[in-house]
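The numbering of the sequence shown is this note's numbering, which starts it at 8 and goes up by one.
C-beta: ideal position from N, C-alpha, C; glycine also.
In this text the structure is predicted, and so the values were computed from the model without any measurement.
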Amino acid sequence: MRQRDVIAAIARRLPDRTRREVEEVIDVWIELMQDELVQGESVSLPDIGSLRIETQQVRSSSIVRQHLGPAAETISRIYGRFRPAQALIDRLKQETHS
């Protein structure tokens, strides 16, 4: 589901709000979540799960150092971790058993 699909779905469910108002709220919400993730915090989405971004310093291989020079001794690896909420896990189990 893309952002514009989310905006359209919310605007349909809240007919007293314009698409522009819904889009503005979602933009602010995304910005707040990004701020938290950049600061190393976790973002919790009720009944969905939590998301955390982690950075790991890893030693580069000799092949990488040959191409990038000695400054490439260590490189950063950035990855996300998602931990599903129990409510989501239960719903997934229910859907796969139906």
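Of the residues G56, V35, D54, Q63, the one placed nearest G47, counting alpha carbons only: Ranking G56, V35, D54, Q63 by Cα distance to G47 puts Q63 first.
Q10 lies in the alpha helix (DSSP H); which residues open and close that run? Per DSSP, the unbroken alpha helix (DSSP H) holding Q10 starts and ends at 10–20.
Roughly how many angstroms lie between the CA atoms of R20 and V29, to the nearest whole one? Looking at the backbone, the Cα of R20 and that of V29 are separated by about 11 Å.
I33 - containing alpha helix (DSSP H), residue span: Taken as a continuous stretch (DSSP letters only), the alpha helix (DSSP H) holding I33 covers 26–45.
Would you check if the distance between the CB atom of A15 and the CB atom of D54 is smaller than 8 Å? No.
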